[in-house]
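Beneath this line is the structure, given in structure tokens, with notes to follow.
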Amino acid sequence: MSSCYEGLYSQIADALVADGYIVIQEAMIHESLQAIALRAKTTHGYKTAGISSASSWHVNLSRRCDSIFWLDESSSEDRLFLDFASGLQEYLNRELFLGLSYYEAHFAKYNAGDFYETHVDAFKNSKNRVVTTVLYLNEDWGEEDGGELVVYNENHEYVATVKPEANTLVVFMSEKFPHEVKPAKRERYSIAGWFRVDRAF
-1 MSSCYEGLYS QIADALVADG YIVIQEAMIH ESLQAIALRA KTTHGYKTAG
49 ISSASSWHVN LSRRCDSIFW LDESSSEDRL FLDFASGLQE YLNRELFLGL
99 SYYEAHFAKY NAGDFYETHV DAFKNSKNRV VTTVLYLNED WGEEDGGELV
149 VYNENHEYVA TVKPEANTLV VFMSEKFPHE VKPAKRERYS IAGWFRVDRA
199 F
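With the first letter of the sequence shown counted as 1, position 44 gets the number 42 in this note's numbering; the numbers rise by one all the way through.
Structure representation (structure tokens):
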């Protein structure tokens, strides 16, 4: 586990117990964040994102229209974030006994006009995605640029609005917080990730 993030891991764990979510500015070391953001903005191979339903995975641009690229351990830039996540997984398992078995994450790219309607990352008692993370990679993001993350509670009551500015990290319990991404007015990048308790394939 990276000792430089130990205090941050502790802050996240405490918030998950108390509130179920946390929003942190300036989460990662600046140089690491810059390298990760450059990787997100220059990599090729983004694919149109899909959604899962009771029947199957499919693309539905009326509900979600971002594109994604899965992080890869073979990339040194990707490993900067995956190593951070690995340390958080170890900490949460040790302190909160969550039994997290693995972590998956992808870059998400929203072009102008793209959005993602209100959804949850895990269905109740599904025992797959347990903790969600979102790291934003957008420098100089203004209120006029849109693309906010809006978070609700289990009763669909408003909880928080998060501007997707660089180095803001959001962590929340996956099945407890419906959320949406408002339409972006310019290109918007993030890393969305999930700690899971099922098997990695």
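Every residue, glycine too, gets a C-beta built ideally from N, C-alpha and C.
- For the candidate residues Gly5, Arg186, Ser188, whose alpha-carbon lies nearest to that of Arg85? A small fix is needed here, since residue 85 is Gly in this sequence, not Arg. For Gly85, the nearest C-alpha among the options comes from Gly5.
- Message: Distance cutoff 8 angstroms, beta carbons only. Does Ile22 sit that close to anything in chain C?
- Response: Here chain C cannot be found, since the structure has a single protein chain.
- Thinking C-alpha only, which one of Ile66, Phe193, Asp143 is nearest Phe105? Ile66
- Check the C-beta distance from Tyr19 over to Ala25 and give it rounded, since I have them as a contact under 8 angstroms. With 8 angstroms as the limit, Tyr19 and Ala25 do not qualify as a contact, their Cβ atoms being about 14 angstroms apart.
- Item | Contacting residues, own chain, Cβ-Cβ under 6 angstroms from Gln9 (five flanking each side not counted) | none
- Check whether the Cβ atoms of Ala38 and Arg62 sit closer than 8 angstroms, and answer yes or no. no
- Contact set for Glu152: own chain, Cβ-Cβ below 6 angstroms, skip 5 residues either direction: Lys174
- Which runs of the alpha helix (DSSP H), 4 residues or longer, sit entirely within the stretch 57 to 111? 74 to 94
- Query: Measuring CB to CB, does Val128 end up less than 8 angstroms from Phe193?
  - Reply: yes
- Item | Rounded distance between the beta-carbons of Phe79 and Ile189, thought under 8 angstroms | 6 angstroms
- Message: To the nearest angstrom, how far is the alpha carbon of Ser99 from that of Thr130?
- Response: 14 angstroms
- Just tell me which of Glu141, Lys183, Phe82, Pro181 has its CA closest to the CA of Leu133. Phe82
- Between Arg184 and the rest of its own chain, which residues show a CB-CB distance below 7 angstroms, the 5 nearest in sequence each way excluded? Ala110, Asp143
- Item | Whole-number beta carbon distance between Gly191 and Glu102, since they are thought to touch under 8 angstroms | 6 angstroms
- Task: If I'm right that Glu178 touches Glu115 with Cβ under 8 angstroms, what's the distance once you round it to whole angstroms?
- Result: 6 angstroms
- Length of the line joining the Cα atoms of Glu71 and Phe170: 24 angstroms
- Message: Need the endpoints of the beta strand (DSSP E) that Glu178 sits in, please.
- Response: 177 to 179
- Would you mind working out which of Ala120, Lys161, Asp196, Asn165 sits nearest Ala182, comparing C-alpha positions? Lys161
- Return the chain-ordered list of same chain residues with a C-beta closer than 8 angstroms to the C-beta of Ala11, the five sequence neighbours on each side being excluded. Tyr89, Leu90, Glu93, Leu94
- Query: Count the other CB atoms within 10 Å of the CB of Arg186; is the residue buried (16 or more) or exposed (fewer)?
  - Reply: buried
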